[in-house]
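K.L.:
Residue numbers (this note's numbering): 1357 to 1546.
1. Kindly list the residues whose CB is nearer than 6 angstroms to the CB of residue 1481, restricted to its own chain and excluding five residues on each side of it in sequence; keep chain order.
2. Check each candidate in 1473, 1529, 1442 and 1410 and name the one with the smallest Cα separation from residue 1423.
3. Return the CA-CA distance between residue 1475 and residue 1485, expressed in angstroms with no decimal places.
4. Distance, Cα to Cα, residue 1502 vs residue 1448?
5. Using the three-state DSSP reduction, which class does residue 1521 fall into: helix, strand or coil?
6. Report back the beta-carbon spacing between residue 1451 and residue 1464 to the nearest angstrom; my notes put them in contact at under 8 angstroms.
7. Spell out a yes or no on whether the stretch 1502 to 1514 and the stretch 1524 to 1538 are touching, meaning 3 or more CB-CB pairs, one atom from each, closer than 8 angstroms.
8. Using the three-state DSSP reduction, which class does residue 1487 fall into: helix, strand or coil?
9. Can you name, in chain order, every residue of its own chain whose Cβ lies under 6 angstroms from the Cβ of residue 1391, other than the five neighbours on each side?
10. For residue 1472, count the other beta carbons within 10 Å of its own beta carbon; 16 or more makes it buried, fewer makes it exposed. Which is it?
11. Grab me the residues of residue 1365's own chain with a C-beta within less than 7 angstroms of its C-beta, minus the 5 sequence neighbours each way, in chain order.
12. According to DSSP, is residue 1496 part of a helix, a strand, or is it coil?
13. First and last residue of the beta strand (DSSP E) that includes residue 1436?
14. From this set, 1416, 1425 and 1477, which residue's C-alpha is nearest residue 1367's C-alpha?
15. In whole angstroms, give me the CA-to-CA distance for residue 1455 and residue 1546.
16. At a cut of 8 angstroms, does the stretch 1385 to 1403 reach the stretch 1425 to 1437 through at least three beta carbon pairs?
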């Protein structure tokens, strides 16, 4: 099958225009880029209180008891709200082009990606699209998993290792695969 003729017109990135998108002042974005690379995206043993200090300084809303491991990336802290006793594992990438809300007692395991941006593949100009992500209380996102734009992970849902959440996850559901599918209910013993 000759796919070139089927999919014309072609993508034209020379016409890409995201001028409508403004996450904040240029100076703030540049300053955060420098701080993020030296403090959060570092293998150095930077104390958690120091990481939290800089996140709050740049507008993140952080609860108490937040654990932030080394080598993480946060795009724009002023678009981030994190609850109490949240764990953020090594290599987590919070790509928050718009708001991300993380509830209390959430665990983001190693290498998790929270994505709020995408591109319209049906548009010749590959238009930017953004949608918030919400992780409610007690959610666990397994290592190397991806939560896509617009997804809400309801209370205590689990996204298993290496899975991709493209749709909302129900409360107390365990999901696995790409795209993630419901596997069974999560039963928590007291």
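Beta carbons: idealized from backbone N, C-alpha and C, even for Gly.
P.N.:
The relevant details are as follows:
1. 1371 and 1372
2. 1442
3. 6 angstroms
4. 10 angstroms
5. Residue 1521 falls in the strand class under three-state DSSP.
6. Residue 1464 and residue 1451 do not touch by the CB rule: their CB atoms are close to 13 angstroms apart, not below 8 angstroms.
7. yes
8. If DSSP states are grouped into helix, strand and coil, residue 1487 belongs with coil.
9. 1410
10. buried
11. Excluding residues up to 5 positions away in sequence, 1480 lie with their Cβ nearer than 7 angstroms to the Cβ of residue 1365 in the same chain.
12. strand
13. 1436 to 1438
14. 1477
15. 33 angstroms
16. yes
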